[in-house]
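Student:
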Amino acid sequence: MPFAPSRPILDGSLTLVIPAHNESANIAEVVHSCRRVLPALAPDWLIILVDDGSQDGTAIVAAEAVGDPARLRVVRHERKLGYGVTVADGLRASTSDYVGF
Numbered sequence: 007m008p009f010a011p012s013r014p015i016l017d018g019s020l021t022l023v024i025p026a027h028n029e030s031a032n033i034a035e036v037v038h039s040c041r042r043v044l045p046a047l048a049p050d051w052l053i054i055l056v057d058d059g060s061q062d063g064t065a066i067v068a069a070e071a072v073g074d075p076a077r078l079r080v081v082r083h084e085r086k087l088g089y090g091v092t093v094a095d096g097l098r099a100s101t102s103d104y105v106g107f
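Residue numbers for the sequence shown follow our numbering, so the first one is 7 and each next one is one higher.
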């Protein structure tokens with residue numbers, strides 16, 4: 007049974023930080039899943055994709071998958087900096103009331 011509360015669980019805004027490196031083959035499915043779930047969690051939501059130096063167009067695929075450009079912010083590293091830096095940069099980029107990763 008799909009997750010579908012009658013109203014969003016959280017009052018306020020929510021950001022989901024997604025760290026990614028060369029995930030073009032997977033990122034569209036991840037973004038589609040997030041688009042199905044996030045509206046049930048918060049009325050105002052955003053995905054921050056932190057592209058950790060990908061060479062395969064990960065950010066482009068994510069932007070195409072999200073549909074609404076206002077729902078996706080991309081933070082891009084020119085070279086791979088690692089998971090910890092990638093998550094931290096995503097958390098710093100958020101201005102939401104709630105943040106997850």
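Backbone N, C-alpha and C define an ideal beta-carbon position, used for all residues, glycine too. Predicted, not measured: the structure shown is a model, and the values here were computed from it.
How do the region 55 to 62 and the region 75 to 82 stand: do at least 3 beta-carbon pairs fall below 8 Å, yes or no?
Tutor: Cβ pair count under 8 Å is three or more, so yes.
Student: Which residue spans inside the region 64 to 93 form an unbroken alpha helix (DSSP H) run of at least 4?
Tutor: Fully enclosed alpha helix (DSSP H) runs of 4 or longer: 64 to 72.
Student: Count the other C-beta atoms from every protein chain shown that fall within 10 angstroms of the C-beta of Ile15, then say buried if there are 16 or more, exposed otherwise.
Tutor: Exposed, because fewer than 16 other Cβ atoms sit within 10 Å of the Cβ of Ile15.
Student: Quick check: the Cα distance between Asp74 and Leu87, rounded to an integer number of angstroms?
Tutor: So the alpha carbons of these two residues sit roughly 28 Å apart.
Student: In terms of DSSP beta bridges, what is Thr101 paired with?
Tutor: Note: Thr101 sits in no beta bridge, so no partner.
Student: Nearest by alpha-carbon distance to Arg13: which of Thr92, Ser102, Phe107 and Leu47 is it?
Tutor: Closest option to Arg13, Cα to Cα, is Leu47.
Student: Looking only at its chain, what residues have a beta carbon closer than 7 Å to the beta carbon of Ser102, apart from the 5 residues adjacent to it on each side?
Tutor: So the list reads Ser19, Leu20, Thr21 and Leu52, once near-sequence residues are dropped.
Student: Using a Cβ-Cβ cut-off of 6 Å (strictly less than) and excluding sequence neighbours within five positions of Ala34, which residues of its own chain qualify?
Tutor: Here the set comprises Val67 and Ala71.
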